[in-house]
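Participant: If you read the sequences in order, they're chains A and B.
Letter 227 of the first sequence, counting from 1, is numbered 227 in our numbering, and no numbers are missing.
Letter 31 of the second sequence, counting from 1, is numbered 281 in our numbering, and no numbers are missing.
There are 2 protein chains.
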Amino acid sequence: MNRSSHLDETQLLKHISLDCVVFGFHDSQLKVLLLRMKRTKDWALPGGFVLLDESIEIAASRVLRERTGLDHIFLKQFKVFSSPDRSNTNPGVQDLLDSGAIDDSSWFNQRFISVGFYALVDFSKAEPTPDLFSDLCHWKSLEDIDLLILDHNQILDKALETLRLQLNYQPIGYNLLPDRFTMPELQKLYETILGKELDRRNFQRKMLSYDILCKLEERKTGGAHKAPFLYEFNLENYGKALKHGFNGGW
Amino acid sequence: MNRSSHLDETQLLKHISLDCVVFGFHDSQLKVLLLRMKRTKDWALPGGFVLLDESIEIAASRVLRERTGLDHIFLKQFKVFSSPDRSNTNPGVQDLLDSGAIDDSSWFNQRFISVGFYALVDFSKAEPTPDLFSDLCHWKSLEDIDLLILDHNQILDKALETLRLQLNYQPIGYNLLPDRFTMPELQKLYETILGKELDRRNFQRKMLSYDILCKLEERKTGGAHKAPFLYEFNLENYGKALKHGFNGGW
DNA sequence: TCAAAAGTGTTTGGTTTACACCCATGA
DNA sequence: TCATGGGTGTAAACCAAACACTTTTGA
């Protein structure tokens, strides 16, 4: 876009949009980044359109840079949503007209196919920022999310399902946690994503056996009770391990 | 399309196409369905465009019905290919002009985003049929495939990778084999997809333990050596088992 | 009658599960 | 000082890999 306050639709690929399910982890909870539409106050996933010289991956990372201030976000396509009746009218178009971002609604009130991405970010580093459609951007816990616009609930559900399935094949821990973290924190993350409790001792043994963590001398002080050790990921070994996956397979 | 001999581009979604990697299994080999372009004799994956009232899934199954004569094909999206330089010119457009399928090349010489699908079909039931671009449609073994048009090699590679990863989570055996098959045939299929040999006895034990097969009284006669039993899938149990995956996981 | 393929079974070793025990910390 | 959370260890159960033996078949 030339100026961020005005959308130039001649620079955009018609019929194609993208939506991102941005996951963060905070207070032992999985959070998702949502936008509140200016006029209707409905909630939506962050998304955007594709510039003529962009791949959708580049477009998605541009959108997320605008929404979070972060670069090099972990991003993964998971599904294209293309039901013919998913978006003959764009629920945000009136906001765009109101704000002067567009002069004409016709381009936006077409049928759109949306490429779904999920993204993993370090909660503490992201700075949620609304877009032209919205007046608010913030993190919501999964259980606090109810009705989203269009088929965004479906997109969210599918993203979660994919996240669970890919837990053993993607660098999920690495992207969702701060650089240094404790074993109980890592375990909580796994428990939250999987929706079930894991045995503390077996979890630790298994994790360490992958040889992807560096135990630091330092401990996490401040909390009550015994101070747990801090760890960081050994990126080299982590990368190798992910190629094979951590579990199962013939 | 109104008449199969003429493409009406006003009925098609701009900038969006789909390509299918259709897998079959025959002679202990994984086969892929390819088309030969009329003029250049280059090879390509079967693909097509999306009608205004179709989802891409519906479009893909329409395309595959035209290419194989089969309905209800197992189809799965695996990735969107959207590099901006993947298709500013469509290599088949001259064939379309030659054959009178289109009057004007401009619609087809745009940038296209392609949704990649992989499909699994019963080799013995498919009837390969060329499309408007091509004069030949047939099965090729993986090792016999060299250069394909555009980024179709990349699409094929990614499809294979996905197939391997999803082997334990998708009804792959069911869709690639005839209704009744022997245990050695099923094993060969797994070995071919995974690219490695498996122990005959352990494979059989493991497969049977999933409780997804019905052993029939009948044996497969005709071949040399001891006649192996025939099996069929127990669809009910197979469906249940796939929900959890057959292997690994926390 | 014999080589090759298929059915069935056993041994072994590693991995996962389910626990017990001790240590550190702040309320 | 004690409840709570964290670090470490171990026995039992389970599962997967490796391998032996027998049966059937057509050449």
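Backbone N, C-alpha and C fix where the C-beta goes; we use that ideal spot for every residue, glycine too.
Please name the residue in R164(A), S106(A), A60(A) whose C-alpha comes closest to that of L30(A).
Facilitator: Working through the first sequence from its first residue, we reach residue 30(A) at position 30. The shortest C-alpha separation from L30(A) is found at R164(A).
Participant: Opposite K206(A) in the DSSP bridges: which residues?
Facilitator: Looking up residue 206(A) in the first sequence gives position 206. K206(A) pairs with nothing; no bridge assigned.
Participant: Name the DSSP bridge partner or partners of Y174(A)?
Facilitator: Position 174 of the first sequence, counting from 1, holds the residue named residue 174(A). According to DSSP, Y174(A) bridges with nothing at all.
Participant: Going by Cα to Cα distance, which pick from S105(A), I73(A), V115(A) is closest to R86(A)?
Facilitator: The sequence position of residue 86(A) within the first sequence is 86, counting from 1. When only C-alpha atoms are compared, the closest one is V115(A).
Participant: For S356(B), count the other beta carbons within 10 Å of its own beta carbon; 16 or more makes it buried, fewer makes it exposed. Which is it?
Facilitator: In the second sequence, residue 356(B) corresponds to position 106, counting from 1. Classification of S356(B): exposed, given that the 10 Å Cβ count is below 16.
Participant: Once the 5 residues before and after G297(B) are set aside, which same chain residues still bring their CB inside 8 Å of it?
Facilitator: By one-based count along the second sequence, residue 297(B) stands at place 47. Only S267, L268, D269, C270, V313, S364 meet the Cβ criterion.
Participant: Check whether the Cβ of D53(A) lies closer than 8 Å to any Cβ atom in chain B.
Facilitator: Position 53 of the first sequence, counted from the start, is the residue given in the question as residue 53(A). Yes, contact with chain B.
Participant: Check whether the segment 366-379 of chain B and the segment 322-333 of chain B touch, using three or more Cβ-Cβ pairs below 8 Å as the test.
Facilitator: Result yes; three or more Cβ-Cβ pairs closer than 8 Å.
Participant: Only counting the same chain, and skipping five residues up and downstream in sequence, which positions put a Cβ closer than 7 Å to that of K375(B)?
Facilitator: Position 125 of the second sequence, counted from the first residue, corresponds to residue 375(B). Cβ neighbours of K375(B) beyond the five flanking positions: L320.
Participant: By the 8 Å beta-carbon criterion, what residues does the segment 309-340 of chain B contribute toward chain A?
Facilitator: If the cut-off is 8 Å between Cβ atoms, the segment 309-340 of chain B has Q327, K329, V330, S332, S333, P334 near chain A.
Participant: For the putative contact between L198(A) and E185(A), defined by C-beta atoms under 8 Å, what is the C-beta separation to the nearest angstrom?
Facilitator: As a first step, residue 198(A) is located in the first sequence; it is residue number 198 there, counting from the start. As a first step, residue 185(A) is located in the first sequence; it is residue number 185 there, counting from the start. Going by Cβ atoms, the distance from L198(A) to E185(A) rounds to 13 Å, so no, they are not a contact pair.
Participant: Compute the Euclidean distance between the alpha carbons of L263(B) and G350(B), then round it to the nearest angstrom.
Facilitator: The residue labelled residue 263(B) in the question sits at position 13 within the second sequence. The residue labelled residue 350(B) in the question sits at position 100 within the second sequence. Spanning the two alpha carbons is a distance of roughly 21 Å.
Participant: Can you pull the chain B neighbours of I16(A), defined as C-beta to C-beta under 8 Å?
Facilitator: Against the first sequence, residue 16(A) aligns to sequence position 16. In chain order: H265, I266, I363.
Participant: What whole-angstrom Cβ distance do C214(A) and Y190(A) have, given they're in contact under 8 Å?
Facilitator: Residue mapping note: residue 214(A) aligns to position 214 of the first sequence, counting from 1. Residue mapping note: residue 190(A) aligns to position 190 of the first sequence, counting from 1. Between Y190(A) and C214(A) the Cβ distance is about 19 Å, and since that is not below 8 Å, they are no contact.
Participant: Short check: CB of I155(A) to CB of L45(A), under 8 Å?
Facilitator: Within the first sequence, the letter at position 155 stands for residue 155(A). Within the first sequence, the letter at position 45 stands for residue 45(A). Yes.
Participant: Between L444(B) and K38(A), what straight-line distance do the alpha-carbon atoms span, to the nearest angstrom?
Facilitator: One-based indexing of the second sequence puts residue 444(B) at position 194. One-based indexing of the first sequence puts residue 38(A) at position 38. Cα to Cα, L444(B) sits roughly 51 Å from K38(A).
Participant: How long is the line joining the alpha carbons of R450(B) and K456(B), rounded to whole angstroms?
Facilitator: To locate residue 450(B), count along the second sequence from 1; it is residue 200. To locate residue 456(B), count along the second sequence from 1; it is residue 206. Going by the C-alpha atoms only, they are around 10 Å apart.
Participant: Bridge partners of I113(A), per DSSP?
Facilitator: Here residue 113(A) refers to the residue found at position 113 when the first sequence is read from its first residue. Per DSSP, I16(A).
Participant: Rounding to the nearest angstrom, what Cα-Cα distance links V196(A) and Q187(A) in this structure?
Facilitator: For the purposes of this step, residue 196(A) is identified with residue 196 of the first sequence, where counting begins at 1. For the purposes of this step, residue 187(A) is identified with residue 187 of the first sequence, where counting begins at 1. Checking the sequence, you will find Lys at residue 196(A) rather than Val. Those two C-alpha atoms are separated by around 11 Å.
Participant: Beta-carbon of I155(A) versus every beta-carbon of chain B: anything under 8 Å?
Facilitator: Along the first sequence, one-based indexing puts residue 155(A) at 155. No, its Cβ sits nowhere closer than 8 Å to a Cβ of chain B.
Participant: List in chain order: all unbroken beta strand (DSSP E) runs of 3+ residues lying wholly within the segment 62-106 of chain A.
Facilitator: As far as the segment 62-106 of chain A is concerned, its whole beta strand (DSSP E) runs of at least 3 residues are 74-81.
Participant: Against chain A, with Cβ distances strictly below 8 Å, would I352(B) count as a contact?
Facilitator: Residue numbering aside, residue 352(B) sits at position 102 when the second sequence is read from its first letter. Cβ-Cβ to chain A under 8 Å: no for I352(B).
Participant: Given that a residue counts as buried once 16 or more other Cβ atoms are within 10 Å of its Cβ, and exposed if not, what is R3(A)?
Facilitator: As a first step, residue 3(A) must be located in the first sequence, where it is residue number 3. Model confidence at R3(A) stands at a pLDDT of 44, short of 50, so the residue's coordinates are unreliable; what they give is reported in the following sentence. Burial call: exposed.
Participant: Buried or exposed, going by whether 16 or more other CB atoms sit within 10 Å of the CB of R317(B)?
Facilitator: Counted from its first residue, the second sequence places residue 317(B) at position 67. Buried, because 16 or more other Cβ atoms sit within 10 Å of the Cβ of R317(B).
Participant: Let me know the secondary structure DSSP gives R286(B) once reduced to three states.
Facilitator: Working through the second sequence from its first residue, we reach residue 286(B) at position 36. Correct three-state label for R286(B): strand.
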